[in-house]
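Residue numbers (numbering that gives the first Met the number 0), protein chains in the order written: chain A, 0 to 250; chain B, 0 to 250; chain C, 0 to 250; chain D, 0 to 250.
Quick reminder that beta carbons are idealized off the backbone N, C-alpha and C, glycines included.
Nothing here was measured: the structure is a model prediction, and the numbers come from that model.
Structure first, then comments.
There are 4 protein chains.
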Amino acid sequence: MKETTVITIKDVKLKNPIMIEGLPGVGHVGKLVAEHMVEESGADKVVEIYSPHFPPQVLVMDEGTARLVRNEIYVDQKHNLLILVGDYQCATSEGHYELARVYLDIAKKYGVKRIYTLGGYGIGKLIDKPRVLGAVNKLELVDEMRKYGVEFKENEPGGGVVGASGLLLGMGALENIEAVCLMGETSGYLVDPKSAQAVLSVLSKTLNMSIDMSALEERAKEMEKIVAKLREMEKIQAGPISADTDLSYIG
Amino acid sequence: MKETTVITIKDVKLKNPIMIEGLPGVGHVGKLVAEHMVEESGADKVVEIYSPHFPPQVLVMDEGTARLVRNEIYVDQKHNLLILVGDYQCATSEGHYELARVYLDIAKKYGVKRIYTLGGYGIGKLIDKPRVLGAVNKLELVDEMRKYGVEFKENEPGGGVVGASGLLLGMGALENIEAVCLMGETSGYLVDPKSAQAVLSVLSKTLNMSIDMSALEERAKEMEKIVAKLREMEKIQAGPISADTDLSYIG
Amino acid sequence: MKETTVITIKDVKLKNPIMIEGLPGVGHVGKLVAEHMVEESGADKVVEIYSPHFPPQVLVMDEGTARLVRNEIYVDQKHNLLILVGDYQCATSEGHYELARVYLDIAKKYGVKRIYTLGGYGIGKLIDKPRVLGAVNKLELVDEMRKYGVEFKENEPGGGVVGASGLLLGMGALENIEAVCLMGETSGYLVDPKSAQAVLSVLSKTLNMSIDMSALEERAKEMEKIVAKLREMEKIQAGPISADTDLSYIG
Amino acid sequence: MKETTVITIKDVKLKNPIMIEGLPGVGHVGKLVAEHMVEESGADKVVEIYSPHFPPQVLVMDEGTARLVRNEIYVDQKHNLLILVGDYQCATSEGHYELARVYLDIAKKYGVKRIYTLGGYGIGKLIDKPRVLGAVNKLELVDEMRKYGVEFKENEPGGGVVGASGLLLGMGALENIEAVCLMGETSGYLVDPKSAQAVLSVLSKTLNMSIDMSALEERAKEMEKIVAKLREMEKIQAGPISADTDLSYIG
Chain A
0 MKETTVITIK
10 DVKLKNPIMI
20 EGLPGVGHVG
30 KLVAEHMVEE
40 SGADKVVEIY
50 SPHFPPQVLV
60 MDEGTARLVR
70 NEIYVDQKHN
80 LLILVGDYQC
90 ATSEGHYELA
100 RVYLDIAKKY
110 GVKRIYTLGG
120 YGIGKLIDKP
130 RVLGAVNKLE
140 LVDEMRKYGV
150 EFKENEPGGG
160 VVGASGLLLG
170 MGALENIEAV
180 CLMGETSGYL
190 VDPKSAQAVL
200 SVLSKTLNMS
210 IDMSALEERA
220 KEMEKIVAKL
230 REMEKIQAGP
240 ISADTDLSYI
250 G
Chain B
0 MKETTVITIK
10 DVKLKNPIMI
20 EGLPGVGHVG
30 KLVAEHMVEE
40 SGADKVVEIY
50 SPHFPPQVLV
60 MDEGTARLVR
70 NEIYVDQKHN
80 LLILVGDYQC
90 ATSEGHYELA
100 RVYLDIAKKY
110 GVKRIYTLGG
120 YGIGKLIDKP
130 RVLGAVNKLE
140 LVDEMRKYGV
150 EFKENEPGGG
160 VVGASGLLLG
170 MGALENIEAV
180 CLMGETSGYL
190 VDPKSAQAVL
200 SVLSKTLNMS
210 IDMSALEERA
220 KEMEKIVAKL
230 REMEKIQAGP
240 ISADTDLSYI
250 G
Chain C
0 MKETTVITIK
10 DVKLKNPIMI
20 EGLPGVGHVG
30 KLVAEHMVEE
40 SGADKVVEIY
50 SPHFPPQVLV
60 MDEGTARLVR
70 NEIYVDQKHN
80 LLILVGDYQC
90 ATSEGHYELA
100 RVYLDIAKKY
110 GVKRIYTLGG
120 YGIGKLIDKP
130 RVLGAVNKLE
140 LVDEMRKYGV
150 EFKENEPGGG
160 VVGASGLLLG
170 MGALENIEAV
180 CLMGETSGYL
190 VDPKSAQAVL
200 SVLSKTLNMS
210 IDMSALEERA
220 KEMEKIVAKL
230 REMEKIQAGP
240 ISADTDLSYI
250 G
Chain D
0 MKETTVITIK
10 DVKLKNPIMI
20 EGLPGVGHVG
30 KLVAEHMVEE
40 SGADKVVEIY
50 SPHFPPQVLV
60 MDEGTARLVR
70 NEIYVDQKHN
80 LLILVGDYQC
90 ATSEGHYELA
100 RVYLDIAKKY
110 GVKRIYTLGG
120 YGIGKLIDKP
130 RVLGAVNKLE
140 LVDEMRKYGV
150 EFKENEPGGG
160 VVGASGLLLG
170 MGALENIEAV
180 CLMGETSGYL
190 VDPKSAQAVL
200 SVLSKTLNMS
210 IDMSALEERA
220 KEMEKIVAKL
230 REMEKIQAGP
240 ISADTDLSYI
250 G
């Protein structure tokens with residue numbers, strides 16, 4: 000395998016579906032949302048993507064079988080969605096650009112007119128009510144997204160958006176595909192299902208669909224317990240701390 | 000040399016041989032097993048593989064001659080085996096994928112139907128009786144391998160299998176070549192002939208062949224002495240230690 | 000996007016224009032000068048350059064829109080100039096050489112006969128009167144540049160010139176395109192509009208054009224205030240310091 | 000420049016010349032020898048080699064002119080030699096292999112039947128009488144080289160030979176070009192003209208030519224003075240030291 004390889008698992012016809020990208024990233028926010036949507040909707044896998052830009056590795060499943068790391072695209076025909084999920088992003092610039100090109104080619108094949116890319120926005124401390132920040136590749140989308148509660152702040156995120164979530168906006172613009180990036184605020188140190196809930200809540204409004212969030216809520220509660228224990232341990236060591244304690248040392 | 004180069008040293012005809020991969024890795028377990036098999040069987044070298052993805056280096060042999068680093072494939076015609084051994088694996092993702100592609104192409108040329116990849120599974124401490132863990136690329140193989148004493152545990156190895164041993168499973172599956180990875184438990188800090196013995200013992204059962212292990216046993220005894228000295232040195236410095244002392248500081 | 004992509008935004012005809020390169024680098028001196036020239040002259044953007052050798056990233060603009068990182072070429076038709084500016088340089092050797100090749104191909108397309116590359120020359124301490132050092136790709140240019148106040152010193156800069164500013168000289172020479180690198184002395188630790196003023200002052204003389212520098216002066220004054228505060232903080236901590244205090248700890 | 004570029008400066012006809020490689024490396028031993036030979040013989044430059052695998056950089060010469068980093072081949076017609084010298088070796092494995100391929104193609108174009116590659120062998124301490132170690136790509140060459148005082152020791156150098164000096168042996172063997180690597184012992188911490196003298200002394204015997212070494216001797220004496228000062232400084236700090244003091248802290 001010297002080249003990125005796209006394997007079509009199932010042929011489906013779609014009419015201008017919306018693409019959702021939720022690959023691994025800060026707080027695994029995008030991945031949590033997209034995988035939740037795949038599970039709740041019972042979407043079918045239609046594409047597998049293998050690439051020499053992914054780590055040279057197989058993952059071992061519970062029963063002892065191993066499979067090559069990959070990205071996958073699922074189709075939720077009821078809601079007319081293509082959902083991009085996966086094990087890894089690339090490690091190099093060249094790989095990132097090549098894979099984004101592959102994702103866009105698939106989007107174009109299915110006639111995708113809009114892409115939502117999902118991610119986390121690391122702010123370096125725990126927060127109780129994560130906001131959802133937005134970035135768009137077409138000015139008109141700002142007002143539309145504000146209606147759903149997405150916040151746009153000057154110079155946020157300051158460092159831009161890195162990886163597939165960013166490139167699909169930037170490269171999509173060059174091909175006239177509308178794209179919106181939704182970023183849930185998150186500490187950046189822990190997998191964050193609460194931030195994922197916030198993003199999913201906004202996303203379901205924009206898609207005008209209702210999604211059962213109980214599985215994500217369950218995971219958020221478990222994570223709350225872990226965080227509570229961490230705070231407790233810290234209190235014992237260092238006295239009372241406030242809600243926005245910097246947890247950067249947990250990594 | 001801009002491309003990986005495969006040089007055929009000797010033409011042989013084989014009917015559905017089994018391929019054994021034992022390239023350098025954790026504890027050099029796979030390499031020890033595969034090189035032992037080459038030596039014991041008097042297998043013939045049939046292929047040399049050179050690649051710009053290997054280190055830019057020659058190795059100097061005892062008599063002063065130097066040769067380019069490479070991987071090699073030997074044929075044991077009596078047991079119908081292709082054995083892949085070598086000096087190095089690649090340093091980059093792209094290199095790993097490209098070389099795995101080369102190994103699989105060679106396997107297909109010879110009609111290989113099954114591959115055993117051999118390696119070590121680092122557990123961070125010395126152990127007396129290393130288990131042999133397995134991963135397979137087809138569910139049916141789990142039960143078959145259990146019969147030979149291979150253990151399959153949920154989430155082990157947790158980090159998946161990296162390098163040629165993993166990729167041959169993952170990429171082999173995409174081409175319908177059965178593959179099994181046998182991993183001997185090992186500290187991860189020392190070359191481990193005892194773990195190699197455990198792997199070879201399982202492998203010889205699956206291949207239904209008997210292999211003289213005395214050379215490996217000899218090396219295992221030598222290593223035992225080195226470990227004993229290390230323990231002694233440690234005892235003097237820090238008092239009695241148990242059998243599972245963490246030796247991670249020996250690197 | 001697997002390849003560097005050059006998009007022509009606007010067709011213009013020019014007769015042997017001069018090319019100015021001001022990409023990010025030491026003290027952002029070159030970038031400050033080139034962007035100032037674009038703003039003051041109201042130059043038109045004629046080319047956008049995207050590349051997988053740039054970081055895999057979009058930048059988020061004030062209003063919430065994102066755009067792919069890129070380099071750009073502007074045309075100042077009044078002064079017959081092509082001005083190369085951009086967000087980033089490349090991270091790899093191969094990328095640097097490829098992009099320099101792209102810039103030179105564009106230069107040749109427009110019939111460019113001379114290139115000025117602009118940068119900073121880090122000296123590790125603050126200075127009040129930055130000199131402008133030069134390097135050229137044709138011996139005759141040394142005397143010509145000395146007339147405009149450019150200094151040439153033996154073995155300066157000792158480490159050569161790295162990146163686009165260097166490669167355009169070196170690769171330009173192989174194609175008979177005259178090129179001059181103007182380097183403003185700068186600490187190397189801070190964005191340096193004062194050094195940019197020094198470079199711009201020399202450059203405007205060589206181009207025989209007058210450029211309003213008030214915007215750069217404004218930025219230089221702001222930076223002076225920041226530096227003054229840094230010095231003040233330091234004085235409190237460590238007693239009086241001289242004008243050439245090493246500020247290498249400010250990063 | 001996306002590809003390595005070979006520019007022929009001058010056409011010369013040679014009959015089975017010998018190629019000498021002296022690129023930068025440990026103690027710059029090979030570079031010192033090869034550049035000395037170019038200067039003493041007044042050899043003509045016949046080839047320039049530019050490559051995106053070299054650093055993206057120009058070097059600034061004394062008079063203020065800059066030139067792209069490169070490797071060069073000189074011809075000493077009197078002694079029937081091709082001499083390969085240069086500014087840098089490559090930073091990546093792929094680059095090393097590609098450039099070695101380029102050097103070998105040039106060697107074959109000129110009908111080269113034997114290559115001498117020159118380098119240093121770092122031993123971690125200063126020595127008064129550096130030996131010259133050898134590695135060859137054909138067993139018969141061991142005895143021939145021993146006659147000239149080259150030493151061959153089991154497992155030396157243990158780590159093999161890295162870079163152009165190694166690859167020309169390894170890749171040359173695959174094309175039936177004889178090659179010998181001569182390595183002068185050196186501390187590994189300092190540029191070492193004394194080690195270069197030892198290598199040149201052996202090389203001139205094998206080539207049956209006499210070379211004026213006074214320039215190298217001069218440089219060796221200067222370096223002796225620097226080393227003497229370093230020893231003096233050390234003595235003051237730490238008492239008397241022996242001739243084989245480890246100087247690894249001088250980087």
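8 Å Cβ shell around Asn157/A - same chain, five flanking residues per side excluded: Taking the first sequence and counting its residues from 1, one reaches residue 157/A at position 158. Looking at the sequence itself, residue 157/A is Gly, so the reference to Asn does not match. Nothing listed; no residue qualifies.
Comparing alpha-carbon positions, which option in Gly187/C, Glu174/C, Ile8/C and Met0/C lies nearest Val111/C? The residue you call residue 111/C lines up with position 112 of the third sequence. Looking at the Cα atoms, Glu174/C is the closest of the given residues.
Is Arg130/B close to chain A, meaning its C-beta is less than 8 Å from at least one C-beta of that chain? Translated into the one-based positions of the second sequence, residue 130/B becomes position 131. Output row for Arg130/B: interface = no.
Inter-residue Cα distance where the pair is Val74/C and Met18/C: Looking up residue 74/C in the third sequence gives position 75. Looking up residue 18/C in the third sequence gives position 19. Going by the C-alpha atoms only, they are around 9 Å apart.
Measure the CB-CB distance between Leu117/B and Ala65/A and report whether it falls below 8 Å. Stepping through the second sequence from its first residue, residue 117/B is reached at position 118. Stepping through the first sequence from its first residue, residue 65/A is reached at position 66. No. Outside cutoff.
Counting only runs of 3+ residues fully inside the segment 38–92 of chain A, write out the beta strand (DSSP E) ranges in chain order. 43–49, 56–59, 65–67, 70–75 and 80–85
Interface residues of the segment 100–117 of chain A facing chain B [CB-CB below 9 Å]: none
At the 8 Å Cβ level, is Leu166/D part of the contact set with chain B, yes or no? Against the fourth sequence, residue 166/D aligns to sequence position 167. Chain B, which has a Cβ nearer than 8 Å to the Cβ of Leu166/D, makes this yes.
Using only the heavy atoms of the ligand GDP, determine whether one of them is closer than 7 Å to the beta carbon of Ile105/A. Absent from the structure shown: the ligand GDP. Ligands present: none.
Can you pull the chain D residues whose beta carbon is under 8 Å from the beta carbon of His52/B, in chain order? Reading the second sequence from its first residue, position 53 is the one you call residue 52/B. Those are Ser92 and Glu93, listed as they occur along chain D.
Enclosing beta strand (DSSP E) for Glu20/A [first to last residue]: Numbered from 1 along the first sequence, position 21 holds the residue referred to as residue 20/A. Per DSSP, Glu20/A belongs to the beta strand (DSSP E) from Ile17 to Glu20.
State buried or exposed for Lys193/B, treating a residue as buried only when at least 16 other CB atoms are found within 10 Å of its CB. The count along the second sequence starts at 1 and reaches residue 193/B at position 194. With 16 or more other Cβ atoms within 10 Å, it is buried.
Taking 8 Å as the CB-CB limit, is Tyr96/D close to chain B? Your numbering for residue 96/D matches position 97 in the fourth sequence. Yes, its Cβ sits closer than 8 Å to a Cβ of chain B.
Please confirm if the segment 68–82 of chain C is in contact with the segment 41–48 of chain C, defined as three or more CB-CB distances below 8 Å between the two stretches. yes
How about Leu251/C: is its C-beta nearer than 8 Å to some C-beta of chain A? Only positions 0 to 250 of chain C appear in this structure, which leaves residue 251/C out of reach.
Would you kindly work out how many angstroms separate the C-alpha atoms of Glu231/D and Ala195/D, rounded to a whole number? Within the fourth sequence, the letter at position 232 stands for residue 231/D. Within the fourth sequence, the letter at position 196 stands for residue 195/D. Spanning the two alpha carbons is a distance of roughly 25 Å.
Cutting at 6 Å between CB atoms, please list the residues of its own chain near Glu150/A, excluding the five before and the five after it. Residue mapping note: residue 150/A aligns to position 151 of the first sequence, counting from 1. These residues qualify, in order along the chain: Arg130 and Leu132.
Classification of Ser209/B by the beta-carbon crowding that lies within 10 angstroms, buried from 16 upward: Residue 209/B sits at position 210 when you count from the first residue of the second sequence. It is exposed - the Cβ of Ser209/B has fewer than 16 other Cβ atoms within 10 Å.
Sequence ranges, beta strand (DSSP E) only - wholly within the segment 94–173 of chain D, length at least 3: 113–121 and 131–135
Using three-state DSSP, classify Thr4/A as helix, strand or coil. Along the first sequence, one-based indexing puts residue 4/A at 5. In the structure shown, Thr4/A sits in a strand (DSSP, three-state: E or B).
Between the Cα of Val46/B and those of Glu177/B, Thr3/B and Lys204/B, spot the shortest distance and give me the residue it belongs to. Position 47 of the second sequence, counted from the start, is the residue given in the question as residue 46/B. Comparing Cα positions, the closest option is Thr3/B.
Check this for me: beta carbons of Gly256/C and Val57/D, under 8 Å apart or not? Only positions 0 to 250 of chain C appear in this structure, which leaves residue 256/C out of reach.
Looking at Lys1/D: is its Cβ nearer than 8 Å to the Cβ of Tyr49/C? Position 2 of the fourth sequence, counted from the start, is the residue given in the question as residue 1/D. Position 50 of the third sequence, counted from the start, is the residue given in the question as residue 49/C. Against a cut-off of 8 Å, the Cβ pair of Tyr49/C and Lys1/D comes out as no contact.
For my contact list, Val201/D and Pro55/B are in at a C-beta cut-off of 8 Å; report their separation, rounded to the angstrom. By one-based count along the fourth sequence, residue 201/D stands at place 202. By one-based count along the second sequence, residue 55/B stands at place 56. That pair is no contact at about 25 Å.
Along chain B, which residues have their Cβ under 7 Å away from the Cβ of Met170/D? As a position in the fourth sequence, residue 170/D is number 171, starting the count at 1. Chain B residues near Met170/D: Met0 and Leu67.
Mind listing the chain D neighbours of Glu221/B? Cutoff is C-beta to C-beta under 7 Å, in chain order. As a first step, residue 221/B is located in the second sequence; it is residue number 222 there, counting from the start. Near Glu221/B there are no residues of chain D at all, since even the closest Cβ is about 18 Å away, more than 7 Å.
Go ahead and pull the three-state DSSP assignment for Gly183/A. On the first sequence, residue 183/A is found 184 positions in, with the first residue counted as 1. Strand, per DSSP.
Show which residues of chain A have a CB atom less than 7 Å away from the CB atom of Glu153/B. Counting from 1 along the second sequence, the entry for residue 153/B is found at position 154. By Cβ distance, chain A contributes Asp61.
Considering only DSSP beta bridges, list what Glu177/A is partnered with. Taking the first sequence and counting its residues from 1, one reaches residue 177/A at position 178. DSSP, once it has assigned bridges, lists Arg113/A as partnering Glu177/A.
Between which residues of its own chain and Glu62/A is the CB-CB distance below 7 Å, once the five residues before and five after are set aside? In the first sequence, residue 62/A corresponds to position 63, counting from 1. Excluding positions up to five away in sequence, the list is empty.
Nearest CA to the CA of Ala99/A: which residue from Leu67/C, Glu71/C and Tyr115/C? Taking the first residue of the first sequence as 1, we reach residue 99/A at position 100. When only C-alpha atoms are compared, the closest one is Leu67/C.
Output needed for Ala134/B: all residues of its chain with C-beta closer than 7 Å, excluding positions within five of it in sequence on either side, in chain order. Here residue 134/B refers to the residue found at position 135 when the second sequence is read from its first residue. Contacts found: Val160, Leu168 and Cys180.
So is Thr64/C in contact with chain A if we call contact Cβ pairs under 8 Å? For this step, residue 64/C is matched to residue 65 along the third sequence. By this cut-off, Thr64/C is an interface position.
Using the C-alpha atoms, what's the distance from Val32/B back to Thr185/B? Reading the second sequence from its first residue, position 186 is the one you call residue 185/B. Reading the second sequence from its first residue, position 33 is the one you call residue 32/B. One C-alpha to the other measures close to 14 Å.
Collapsed DSSP secondary structure at Thr244/C in the structure displayed: Walking along the third sequence from the start, residue 244/C turns up at place 245. At Thr244/C the pLDDT is 44, less than 50, meaning the model places this residue with poor confidence; the figure from the coordinates comes in the next sentence. Here Thr244/C sits in coil by DSSP.
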